[in-house]
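Below you'll find the structure, written out as structure tokens, and then a few comments.
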Amino acid sequence: MKNGVDTLENILGNDVFRKYVNVLLTDRGSEFYAAKDMETGVDSTTCTRVFYCDPMQSGQKGSIENNHIQLRYILPKQTDLVSLGLNDQDALNLILNHLNSAPVEKFGGKSPLEVASFMYHDLYERLISYGIKEIEKDRIVLKPCLLKNR
């Protein structure tokens, strides 16, 4: 998990990472046990804080569980991800593009990317420079066939 946090910091840059990723809230899975390592940035300073939910209390993670449900539309549980086409960063970006372009009721029908563009422009620009882009609403696919069509 430390590599993932460092990768995100490298994508966003130290300044944007520290501005928006000041807390990591996670469950107690074994991949998250090295909290001090995850809290330490690529420059060896503390750049975020890790907090754990209580056991069996996924509701403490807020709406992230809804994101997992949406992700499972594209990547069903107990499915070989490589066979679905998830074999590189471009494939993962494609999934993120579709998920984050879908309208969200609590955002007034706006997508997470639309909200980021308006409210967190510096974050949005870093994501765009990494290959994240908005998908037209009538072209959003939240099914396993998404990666087969690329």
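Numbering-wise, this note's numbering comes out as the position in the sequence shown, counting from 1, plus 1058. Beta carbons: idealized from backbone N, C-alpha and C, even for Gly.
No residue range can be given for residue 1197, since it is assigned to no alpha helix (DSSP H) and is classified by DSSP as neither H nor E. Under the rule that a run must span 3 or more residues, the beta strand (DSSP E) segments found entirely inside the segment 1093-1121 read 1107-1110. Listed in chain order, the non-local C-beta contacts of residue 1139 below 7 angstroms within the same chain comprise 1133, local neighbours out to five positions each way being set aside. Counting only the Cα atoms, residue 1198 lies some 8 angstroms from residue 1157.
Within the same chain, 1151 come within 6 angstroms of residue 1189 by CB-CB distance, once the 5 residues on both sides are set aside. At the C-beta level, residue 1074 and residue 1148 stay beyond 8 angstroms of one another. By a beta-carbon distance limit of 8 angstroms, residue 1101 contacts residue 1072. Their separation comes to about 7 angstroms.
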